[in-house]
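*Asks:*
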Amino acid sequence: MTDEREMRQTLAGALVERAKTDDRIVVIEADLMSCHATKVFKQEFPERFVNVGIAEQNMIGIAAGMSTMGKIPFAYSFGPFATRRCYDQIFISVAYARQNVKIVGTDPGVLAEYNGGTHMPFEDMALMRAVPHMVCFEPVDATMLEKAVDQIVDFQGAVYIRLQRKKAEKVFDDSLNFELGKAIKIKDGKDVTLIASGIMVARAIEAAELLKEEGISARVVNIHTWKPIDKDAIIECAKETGAIVTCENHNVCNGLGSAVAEVVCQNSPVPMRLVGVKDEFGQVGKNAYLSEQYHITTQDIAEAAREIVKNK
Numbered sequence: 143m144t145d146e147r148e149m150r151q152t153l154a155g156a157l158v159e160r161a162k163t164d165d166r167i168v169v170i171e172a173d174l175m176s177c178h179a180t181k182v183f184k185q186e187f188p189e190r191f192v193n194v195g196i197a198e199q200n201m202i203g204i205a206a207g208m209s210t211m212g213k214i215p216f217a218y219s220f221g222p223f224a225t226r227r228c229y230d231q232i233f234i235s236v237a238y239a240r241q242n243v244k245i246v247g248t249d250p251g252v253l254a255e256y257n258g259g260t261h262m263p264f265e266d267m268a269l270m271r272a273v274p275h276m277v278c279f280e281p282v283d284a285t286m287l288e289k290a291v292d293q294i295v296d297f298q299g300a301v302y303i304r305l306q307r308k309k310a311e312k313v314f315d316d317s318l319n320f321e322l323g324k325a326i327k328i329k330d331g332k333d334v335t336l337i338a339s340g341i342m343v344a345r346a347i348e349a350a351e352l353l354k355e356e357g358i359s360a361r362v363v364n365i366h367t368w369k370p371i372d373k374d375a376i377i378e379c380a381k382e383t384g385a386i387v388t389c390e391n392h393n394v395c396n397g398l399g400s401a402v403a404e405v406v407c408q409n410s411p412v413p414m415r416l417v418g419v420k421d422e423f424g425q426v427g428k429n430a431y432l433s434e435q436y437h438i439t440t441q442d443i444a445e446a447a448r449e450i451v452k453n454k
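In the working numbering, the protein residues as written are 143 to 454.
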């Protein structure tokens, strides 16, 4: 079921509510206010909103400077421009300087759709995961995102938020017990674990249902925080199910699968399969078409699970 709330509206609305009681929060945009629904923040707090234009490197530098003055800046742009375009500024001005900057990169992976390869980040989490002390977070739906905002604001340090802009598949309800850095077991199983993030969570749940009909018991776990990753949850999955399939809307090179494998190989080695983009650039197309092209569909997850269970 698709959520009624858009992710961009959820984040902007949550920031407005927190900013009413926390004057440290500021929003910095790179000429994408309409795309990110941050106009509501500008209307409420015009003196705490900055549009730098299409100048993302400057945006990060300004954000770092604001942080030194005690502010908590949320710097927005499309994923590629919030990360790789201004990587040196992020690395030095934000992370190396231990600044309290929150970076929002939108339209991850195939969700960039018709904006095409130049705007389609399959590598953003790989880049940000390599930055020392950077927290890397990909929310699943609006419920999770709303619960995460206060924790992100309260965390002292740099955070990268990999944000779907529009409506997400609703996975969680208000009973969700959310904590940054802690994986969520959505469905239990004993034969294989499907570890998924972002849009791939709903697909992993669907794949688990397909596998159930074939007699394969698949556990579904959401890792929303790629860094710091929940090592204990991964080790538990490896020991209890003996096989892991990772599912990501991202390049498998230094992606979620790599992060999980780093834990598995050093603690509880088990067979793994990585469902994700296989070292390719983006292209123009709708989500469904691109997902088939890059083999990140529900069927691709189910097939990887069948293969690994058969051979483990």
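For each residue, glycine too, the CB sits at the ideal point set by N, CA and C.
Nearest to residue 247 by alpha carbon, out of 303, 166 and 453?
*Replies:* Selected option, being the one with the closest Cα: 303.
*Asks:* Near residue 261, what residues of its chain come up, given a Cβ to Cβ distance below 7 Å and the 5 sequence neighbours on each side ignored?
*Replies:* So the list reads 220, 222, 249 and 254, once near-sequence residues are dropped.
*Asks:* Could you give the first and the last residue of the continuous beta strand (DSSP E) run that contains residue 309?
*Replies:* Here the beta strand (DSSP E) through residue 309 covers 309-311.
*Asks:* Nearest CA to the CA of residue 273: which residue from 300, 280 and 384?
*Replies:* Checking every option, the nearest Cα to that of residue 273 belongs to 300.
*Asks:* Given a threshold of 16 other Cβ atoms within 10 Å of its Cβ, counted over all protein chains shown, does residue 361 qualify as buried or as exposed?
*Replies:* By the 10 Å Cβ count, residue 361 comes out buried.
*Asks:* If you drop the 5 nearest sequence neighbours on each side, which residues of the same chain put their C-beta closer than 7 Å to that of residue 383?
*Replies:* Closer than 7 Å at Cβ, skipping near neighbours: 331, 332, 333, 334, 335 and 361.
*Asks:* Among all the DSSP beta bridges, which residues are the ones paired with residue 367?
*Replies:* The partner list for residue 367 (beta bridge, DSSP) reads 279.
*Asks:* With DSSP as the reference, label residue 244 as helix, strand or coil.
*Replies:* Of the three classes helix, strand and coil, the one that applies to residue 244 here is strand, per DSSP.
*Asks:* Indicate whether residue 213 and residue 166 have their beta-carbon atoms separated by less than 8 Å.
*Replies:* Contact flag set, yes.
*Asks:* Is the stretch 409-425 touching the stretch 386-398, taking contact as three or more C-beta pairs under 8 Å?
*Replies:* Because the criterion of three Cβ pairs below 8 Å is met, the stretch 409-425 and the stretch 386-398 touch.
*Asks:* I think residue 232 touches residue 245, with their Cβ atoms under 8 Å apart; what is that distance to the nearest whole Å?
*Replies:* Their Cβ separation, rounded to whole angstroms, is 7 Å, which keeps residue 232 and residue 245 in contact under 8 Å.
*Asks:* When you compare each of 203, 153 and 313 to residue 291 by their alpha carbons, which one comes out closest?
*Replies:* Closest option to residue 291, Cα to Cα, is 153.
*Asks:* Between the stretch 399-415 and the stretch 374-382, do three or more beta carbon pairs fall short of 8 Å?
*Replies:* At 8 Å Cβ cutoff, the stretches touch.
*Asks:* Where DSSP assigns a beta bridge to residue 345, which residues make up the other side?
*Replies:* Bridge partners of residue 345: none, in fact.
*Asks:* Could you tell me which of 193, 205, 207 and 161 sits nearest to residue 186, measuring between CA atoms?
*Replies:* The candidate whose alpha carbon is nearest that of residue 186 is 161.
*Asks:* Under 8 Å between the Cβ atoms of residue 252 and residue 433?
*Replies:* Their beta carbons are under 8 Å apart, which means residue 252 touches residue 433 by this criterion.
*Asks:* Using C-beta distances below 8 Å, list every residue in its chain close to residue 137, excluding the 5 sequence neighbours before and after it, in chain order.
*Replies:* For residue 137 there is no data in the structure shown, the boundaries of the chain being 143 and 454.
*Asks:* Which of helix, strand or coil does DSSP assign to residue 395?
*Replies:* Reduced to three states, the DSSP call for residue 395 is coil.
*Asks:* Among 311, 437 and 242, which residue has its Cα nearest to the Cα of residue 211?
*Replies:* When only C-alpha atoms are compared, the closest one is 242.
*Asks:* Could you check what DSSP says for residue 320 in three-state terms: helix, strand or coil?
*Replies:* Looking at residue 320 - three-state DSSP - the assignment turns out to be coil, as it is neither helix nor strand.
*Asks:* Going by beta carbon distance, what residues of the same chain come within less than 6 Å of residue 159, once the five residues before and after it are set aside?
*Replies:* Closer than 6 Å at the Cβ level, and outside the excluded window around residue 159, lies no residue.
*Asks:* Could you give the DSSP three-state label for residue 188: helix, strand or coil?
*Replies:* Looking at residue 188 - three-state DSSP - the assignment turns out to be helix.
*Asks:* Which stretch, first to last residue, makes up the alpha helix (DSSP H) that contains residue 163?
*Replies:* First-last for residue 163: undefined, no H or E at that position.
*Asks:* Could you check what DSSP says for residue 329 in three-state terms: helix, strand or coil?
*Replies:* Strand at residue 329.
*Asks:* Look up residue 418 in the DSSP assignment and say whether it is helix, strand or coil.
*Replies:* Here residue 418 sits in strand by DSSP.
*Asks:* Quick check on DSSP: helix, strand or coil for residue 386?
*Replies:* It is a strand residue.
*Asks:* Give the straight-line distance between the Cα atoms of residue 155 and residue 179, rounded to the nearest whole angstrom.
*Replies:* One C-alpha to the other measures close to 9 Å.
*Asks:* Can you tell me which of the three DSSP states residue 301 falls into?
*Replies:* DSSP places residue 301 in strand when its eight states are reduced to three.
*Asks:* Mind checking whether residue 204 and residue 228 have CB atoms under 8 Å apart?
*Replies:* Their beta carbons are not under 8 Å apart, which means residue 204 does not touch residue 228 by this criterion.
*Asks:* Chain C beta carbons: is any one of them nearer than 8 Å to that of residue 215?
*Replies:* Any reference to chain C falls outside this structure, which holds one protein chain only.
*Asks:* Does the distance from the C-beta atom of residue 367 to that of residue 322 stay below 8 Å?
*Replies:* It is a contact, given that the beta carbons lie within the stated cut-off.
*Asks:* Who does residue 218 pair with in a DSSP beta bridge?
*Replies:* Residue 218 is bridged to 171 and 246.
*Asks:* Short check: CB of residue 173 to CB of residue 196, under 8 Å?
*Replies:* Yes.
*Asks:* Take the Cβ of residue 397 as the centre, count every other Cβ of all protein chains shown within 10 Å, and call the residue buried at 16 or more, exposed below.
*Replies:* Label assigned to residue 397: buried.
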